[in-house]
Each structure stands twice: as C-alpha cells, then as structure tokens.
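Reading through the structure tokens given below for one structure.
2 protein chains.
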Amino acid sequence: MITRTVPDIVVGRLPRYLQALEHMHREGIKTTSSQELGEAIGISAAQIRKDLSQFGEFGKQGTGYSVAYLVEQLQAILKLTTIWDLALVGMGDLGNALARYQGFAEHGFRITAAFDNDPEKIGKEVAGLIIQDSREMKRIIPQLGIKIAMLTVPASVAQSVAEELVDAGIRAILNYAPISLNLPNEIHVENIDPIIKLQHMTYYLD
Amino acid sequence: MITRTVPDIVVGRLPRYLQALEHMHREGIKTTSSQELGEAIGISAAQIRKDLSQFGEFGKQGTGYSVAYLVEQLQAILKLTTIWDLALVGMGDLGNALARYQGFAEHGFRITAAFDNDPEKIGKEVAGLIIQDSREMKRIIPQLGIKIAMLTVPASVAQSVAEELVDAGIRAILNYAPISLNLPNEIHVENIDPIIKLQHMTYYLD
DNA sequence: CGTTTTTTGTGTGCATTTTCACAGAAAAAA
DNA sequence: TTTTTTCTGTGAAAATGCACACAAAAAACG
C-alpha cells in the first residue's frame, strides 16, 4: 500500500467535516452526501470527496455517507479515539475562561494541569483544577504524560514559556499569545489570535 | 493602473507581517529585510517580497525595509488608520474575558457595545461596558455604526443571533461558536475554535 | 573611485490545490 | 425486470500558489 503524505491543508479541513457531521448526528440525520455536507460548511462537494478519498472509501454510490460511520472514521484518522490530556499555562482571564469551557471534555480533551507563575494564583482552584507553580511544569508534565499545551500567557514571556514546555516534553502548542513562537520544527504550533483575524476582515470593509 | 484582486491568502498573511513588524518597532529596530522578517515568522523571504509587491514597492535594494514605514503602509492597506467599533455578543466566560482584553484597544479596535439575552446579566457592567439586552441590537448597532461583531454565544443559538446581527447591519463576524455559520456571501466570517485546532494537531501526534 | 556585498522586485517555471466530468455502483422508479 | 436517478471515487485539466534565480539599485568597503 502506498501511503503518500496527506497535505496539511487537507488534514486541516477534516475537523470541520467532523464538526458538521457530529452536528448532523445529534440532529438524528443518518445519511448525508458530499453535496449536503459541502453546503453546510461552504466547501465544494468535489473537494470533500477528494479529501476523504485520501484516507479510504467511506461512501456508497447512490446513497452517500453514513453519518455515524464517517464520524467514527474521521475520529480514528484524527486520533480522537482516546482522551488527550492538556496543560493550560497562564491563568489570566482567558486561561480561566478556557478552564471552565465544557467543549474540551465534550470532545475528548481533558485539562489535566493548570499553571501560573503568580504566587497569588498558585494553589487556587478553578473548575476543579488546582493552579500549580509553573516552575513545576518540567516535573509534572512528563509525569502525567501530557503532550499538548494551551499557552495563555502574556506575549512578553510566551517564547520562553513555550521553550520550557518543549523542554518538559510538550509536542503541540495551541498558542493564544499574540506573537510568533520560534520552536523546533517537530513541535506543532497553532495560533489563535483575534487581532489577526479582525485585521484580515477589515481589509474587506470600508 | 491594473488593480487585479489580491488573493485572500495573501491578505491573510499581512496581519502576521504587521504583528512581527510592530514587535520590531517596539524593540527599536529601524530596518529589516525580507529574510529577517521571514525568519521571525517562519515564512520564506521570497514569499514576503511577492506578497508586498502586490501593493507597491516598500523596500530599498541593499537596505531592506524601514520598519516604521512598512508598519504604516500595512496599516493603511488593512484599513487600520481609524478606530473600528466592535459589538460583543454573548457575555459568558469568554465574552467577559474578551471584554477585559487590552489587546483590542491597543490595535485600534474598541468594544463599543456588549449584548446578552440573560436578564441576570443585562445592566451589569464589565470592563466599563454596560451589558445590553440583545433584543436591542437591531436598534443600537446601526445607531453606533458598528460593522464588526464578535460572537460568543452558545452554538445552539449562534446561527439565529448571527442572522440578527446581519439584519442589524453587521458586515463581518468573528465567530467563537463551534458551528459553521450560513450567511450571505458578502458577510465576512472568521472562525476561532480551539477544538478544531486541537484536532488538527492530534493528527500529527501519537 | 571602483569593487564587493546586500537586498529588492519580478519573470519564469514548478508544485500544489481545486475543479471538472464521467464511469460505475447502488437505489429508486417505472 | 428494466430504466432512470443518485451519488461516489478518481483521472485529467485548470487554476492557484510558491520558490528560484537574477538584473538592478543601493550601500559598504578598500
């Protein structure tokens, strides 16, 4: 079997397919087509079929896709069949909001450890988590086997904290700090920055 | 002058260039090159030059780019020379965190109105904003001339609230709800969903 | 002052991504 | 049963995006 590498741009669309399919599943929809799915998320039917064909044949001609089956398959492709532990680093307003967000648990992500460097915050509880001293990251993260971190610290310290996380064994970082992190290539970084998104949109407005 | 449309993917990179350049500016760096800028944000130098060349000639051979000048030019291109008013809709944990975030004001975005439909929340103050009844959106948003909204309501009501926003004259939505919004083509929507980003990353982990 | 170095802007071609369009399979209709 | 309709998976074509490489301009150097 030839397993050529799937383009990252394709991988990036899979979670959107999954999101829409899970929504259909909750609505009780049993079957869908590339056409219908495409209309739901604003992607062409051909694109969806091509993307999925990278991983196998999940549909049936004349019928389309079983929603439940395709959800299952996408979850397997995206490695969502086990629970992923997350470290939450930086317990300001945003860190607190994320700690309380139910969506993570609902999708198989569990915030297992929360860190901050502020002595005022260390020891406090947020959403069932005790905030720990960020100097303990190097010890605690490997102990719990955490591979993914969400970084919600001020931009001024984001780079150095990110390096500490990598040093502690973190392999993927969801970066909320408004700065480009410079890390080894094997570390996967995704950025969430509302300013960047707003500035993208203002280009098209008057 | 031929003004062919600039690809959206190029527009999407400009805010990242601007972010890095503003950082350099704060650091007191007067001049940079496409090479240096590229290394800072992980984009090839040729790519940056090609992107910028879509809008004009901002550099000088042998020297590179004046940081201050390029910041100015990018701000002008992205229409960031005036203050943009924002509506914040949905005052849960995330809405509250965004209301308190200083980054918007620092980049010329001003949250001018905050809405919720919960009688418990209406009338309360958050970060200097009085939370208003979301039934008033249709009246208040046009009155204040607000064009951009940040949507932080539960997924179950996001679509209908988004439609109300469009009806009230909103032209761009930064959508934090974990659902694809279905809106007229002329409305610009950007999504921020940590689950989607995490699922993208887990593909690459074991 | 001439030579070397730096660095831009861009033409060209390669690579990637998307769309098109159709054979074939399944289901629905007749 | 036969015909028509639906809808996938996929080669091929089209479109888009990116990297290379270089002339030309400016600066630095000696």
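Here the protein sequences come in this chain order: A and B.
Position 194 of the first sequence, counted from 1, bears residue number 201 in our numbering, the numbering being contiguous throughout.
Position 206 of the second sequence, counted from 1, bears residue number 213 in our numbering, the numbering being contiguous throughout.
Don't be surprised by glycine CBs; every beta carbon is placed ideally from N, CA and C.
Just so we're clear, the structure is a prediction, and the values are computed from it rather than from any experiment.
Can a CB atom of chain B be found closer than 7 Å to the CB of Ile-203 of chain A?
Counted from its first residue, the first sequence places residue 203 of chain A at position 196. For Ile-203 of chain A, the closest Cβ of chain B is nearer than 7 Å.
Report yes or no: is there a C-beta of chain B within less than 7 Å of the C-beta of Ser-187 of chain A?
Walking along the first sequence from the start, residue 187 of chain A turns up at place 180. Judged by the 7 Å Cβ criterion, Ser-187 of chain A is in contact with chain B.
Would Phe-65 of chain B and Gln-80 of chain B qualify as a contact pair, given that the criterion is a beta-carbon distance under 7 Å?
Here residue 65 of chain B refers to the residue found at position 58 when the second sequence is read from its first residue. Here residue 80 of chain B refers to the residue found at position 73 when the second sequence is read from its first residue. Cβ atoms of Phe-65 of chain B and Gln-80 of chain B: closer than 7 Å.
Output, in chain order, the set of chain A residues within a Cβ distance shorter than 7 Å of Ala-156 of chain B.
For this step, residue 156 of chain B is matched to residue 149 along the second sequence. Within chain A, no C-beta atom comes nearer than 7 Å to that of Ala-156 of chain B; the closest sits roughly 11 Å away.
Residues of chain A with CB closer than 8 Å to the CB of Lys-86 of chain B, please, in chain order.
In the second sequence, residue 86 of chain B corresponds to position 79, counting from 1. Here the neighbours are Thr-209, Tyr-210, Leu-212 and Asp-213.
Report the start-end ranges of each alpha helix (DSSP H) in the region 50–83 of chain A that is 4 residues or longer and not cut off at the edges.
52–60
Leaving out the 5 sequence neighbours to the left and right, which residues in its chain are closer than 8 Å to Asp-58 of chain B when beta-carbon positions are compared?
For the purposes of this step, residue 58 of chain B is taken as the residue at position 51 of the second sequence. Excluding sequence neighbours, Asp-58 of chain B sits near Val-17, Arg-20, Leu-21 and Tyr-24.
Give me the Cβ distance between Leu-190 of chain B and Val-196 of chain B, rounded to the nearest whole Å; I'm assuming they're in contact under 8 Å.
If you number the second sequence from 1, residue 190 of chain B lands on position 183. If you number the second sequence from 1, residue 196 of chain B lands on position 189. Right, their Cβ atoms sit about 6 Å apart.
Quick one: is Lys-154 of chain B buried, meaning 16 or more other Cβ sit within 10 Å of its Cβ, or exposed?
Here residue 154 of chain B corresponds to residue number 147 of the second sequence, with the count starting at 1. Lys-154 of chain B comes out buried.
Anything in chain B within Cβ reach of Glu-197 of chain A, meaning under 7 Å, just list it in chain order.
Position 190 of the first sequence holds residue 197 of chain A. The contacting residues are Lys-204, His-207 and Met-208.
Within a Cβ cutoff of 6 Å, which residues of the same chain sit near Ala-47 of chain B, ignoring the five residues on either side of it in sequence?
Residue numbering aside, residue 47 of chain B sits at position 40 when the second sequence is read from its first letter. By the criterion of a C-beta distance shorter than 6 Å, Ala-47 of chain B is surrounded in its chain by Ala-27, once the five residues flanking it on both sides are discounted.
Let me know if Gly-45 of chain B comes out buried or exposed under the rule of 16 or more other beta-carbons within 10 Å of its beta-carbon.
As a working mapping, residue 45 of chain B is identified with position 38 in the second sequence. Buried.
Taking Val-18 of chain B as the query, report the chain A residues whose CB atoms sit under 7 Å from its CB, ordered along the chain.
Here residue 18 of chain B refers to the residue found at position 11 of the second sequence. Ordered by position in chain A, the residues that pass the 7 Å Cβ test against Val-18 of chain B are His-207 and Tyr-210.
In three-state DSSP terms, what is Met-157 of chain B?
Taking the first residue of the second sequence as 1, we reach residue 157 of chain B at position 150. In the structure shown, Met-157 of chain B sits in a strand (DSSP, three-state: E or B).
Need the endpoints of the alpha helix (DSSP H) that Thr-209 of chain A sits in, please.
Sequence index remark: in the first sequence, residue 209 of chain A carries index 202 (1-based). Unbroken alpha helix (DSSP H) run through Thr-209 of chain A: 201–209.
Along the alpha helix (DSSP H) that carries Ile-16 of chain B, what are the first and last residues, could you check?
Within the second sequence, the letter at position 9 stands for residue 16 of chain B. Run containing Ile-16 of chain B: 15–33, per the alpha helix (DSSP H) assignment.
Looking at C-alpha atoms only, which residue of A:Leu-85, A:Tyr-76, A:Val-164 and A:Leu-158 is the closest neighbour of Ile-36 of chain A?
Indexing the first sequence from 1 puts residue 36 of chain A at position 29. For Ile-36 of chain A, the nearest C-alpha among the options comes from A:Tyr-76.
Using the three-state DSSP reduction, which class does Asn-182 of chain B fall into: helix, strand or coil?
For the purposes of this step, residue 182 of chain B is identified with residue 175 of the second sequence, where counting begins at 1. In the structure shown, Asn-182 of chain B sits in a strand (DSSP, three-state: E or B).
What is the DSSP secondary structure of Asn-198 of chain B, reduced to helix, strand or coil?
Start at 1 with the first residue of the second sequence, and residue 198 of chain B comes out as number 191. If DSSP states are grouped into helix, strand and coil, Asn-198 of chain B belongs with the strands.
Report all residues from its chain with a CB closer than 6 Å to the CB of Pro-201 of chain B; omit the five preceding and five following residues, and keep chain order.
Walking along the second sequence from the start, residue 201 of chain B turns up at place 194. There are no such residues.
Under three-state DSSP, which class holds Ala-134 of chain A?
As a working mapping, residue 134 of chain A is identified with position 127 in the first sequence. It is coil, neither helix nor strand.
Can you tell me whether Asp-123 of chain B is helix, strand or coil according to DSSP?
Position 116 of the second sequence, counted from the first residue, corresponds to residue 123 of chain B. Strand.
Inspect the CB distances between the region 116–125 of chain B and the region 84–102 of chain B and report whether three or more fall short of 8 Å.
Result yes; three or more Cβ-Cβ pairs closer than 8 Å.
On the three-state DSSP scale, how would you describe Met-8 of chain B?
As a working mapping, residue 8 of chain B is identified with position 1 in the second sequence. The predicted position of Met-8 of chain B is uncertain, since its pLDDT is 39 and thus under 50; no value can be drawn from it.
Can you list the residues of chain A that Phe-116 of chain B reaches, using a CB-CB cut of under 8 Å?
Residue 116 of chain B sits at position 109 when you count from the first residue of the second sequence. Within 8 Å Cβ-Cβ: Ile-202 and Leu-205.
Do we get a CB-CB distance below 7 Å when we pair Ala-184 of chain B with the residues of chain A?
The residue you call residue 184 of chain B lines up with position 177 of the second sequence. It does not; no Cβ of chain A falls within 7 Å.
Go ahead and pull the three-state DSSP assignment for Asp-140 of chain A.
Numbered from its first residue, the first sequence carries residue 140 of chain A at position 133. In the structure shown, Asp-140 of chain A sits in a strand (DSSP, three-state: E or B).
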